[in-house]
Amino acid sequence: MRKFVTSLEKGMSKINEIAGFIAATLIVLMMILTFANVTGRYFIRPIVGTHELTYLSLALIVFLSLGYVQSKKEHIAIGIFVDKCSKRTQAVLDAISYFVTFSLLFLMGWQMVVFAGRTSTTLTGDLHLPVSAFVYLCALGAFLYAMTAVVDFLKSLLKVVNPEHES
């Protein structure tokens with residue numbers, strides 16, 4: 003079981019690194035686009051569609067980076083109560099929270115896919131980009147986060163069985 007969890011963790015880590023890189027690249031591109039648009043406004047030549055690309059990019063940045071942040075354990079955690087518990091109790095509480103996280107993110111991703119299907123003919127106002135493509139990519143980010151939560155859930159279960167197990 004540990005080998006399976008370790009290989010799943012490595013695979014998800016690689017996928018999340020790619021998604022995180024895409025999100026980071028989008029941040030840089032969005033910054034350049036915003037700078038160019040503001041500069042263009044000064045010369046009365048703003049870039050058409052900057053607003054659309056910015057809000058679509060923001061959605062992608064958020065959802066594509068969630069799994070990466072989870073895999074690096076960079077989310078904010080408050081451990082006032084949990085830190086006083088035994089290792090096994092901490093692992094049980096972690097398992098519960100990861101299971102809830104997985105469940106909610108899976109439902110969110112699924113509903114995003116349903117929504118994208120319903121809006122498959124909807125286009126953005128200025129650039130006429132298909133909204134559903136961006137929603138599908140956001141759903142992918144939600145599913146990546148959900149799968150990362152599954153990995154952490156399995157690791158927590160291993161710690162429940164063997165509290166000395168650290169990984």
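Note that the working numbering gives residue 129 to position 127 of the sequence shown, counting from 1, and the numbers run on in steps of one. Just so it is clear, CB atoms sit at the ideal spot from N, CA and C, and this is done for glycine as well.
- prompt: Ends of the alpha helix (DSSP H) at S220?
  reply: Lying before the first or after the last residue shown, residue 220 is absent from the chain, which here runs from 3 to 169.
Under the three-state reduction of DSSP, which class applies to L156: helix, strand or coil?
helix
Assuming A38 and I63 form a contact by the criterion Cβ under 8 Å, report the distance between their Cβ atoms to the nearest whole angstrom.
Contact flag wrong, Cβ pair sits at about 18 Å.
N39 - containing alpha helix (DSSP H), residue span
R4 to Y44
Distance between T56 and T123 (C-alpha atoms, nearest Å): 21 Å
request  = Given a cut-off of 7 Å, decide if L68 and G143 are closer than it, judged by their beta-carbon atoms.
outcome  = yes
*In or out: F6 buried (at least 16 other Cβ within 10 Å) or exposed?*
exposed
(Q) Can you tell me where the alpha helix (DSSP H) holding G81 begins and where it ends? (A) Segment: none, G81 is in no alpha helix (DSSP H) and carries neither H nor E.
Output yes or no for whether 7 Å exceeds the beta carbon distance between T121 and S134. yes
Starting from G111 and walking both ways along the alpha helix (DSSP H), at which residues does that stretch end?
-> Run containing G111: K89 to R120, per the alpha helix (DSSP H) assignment.
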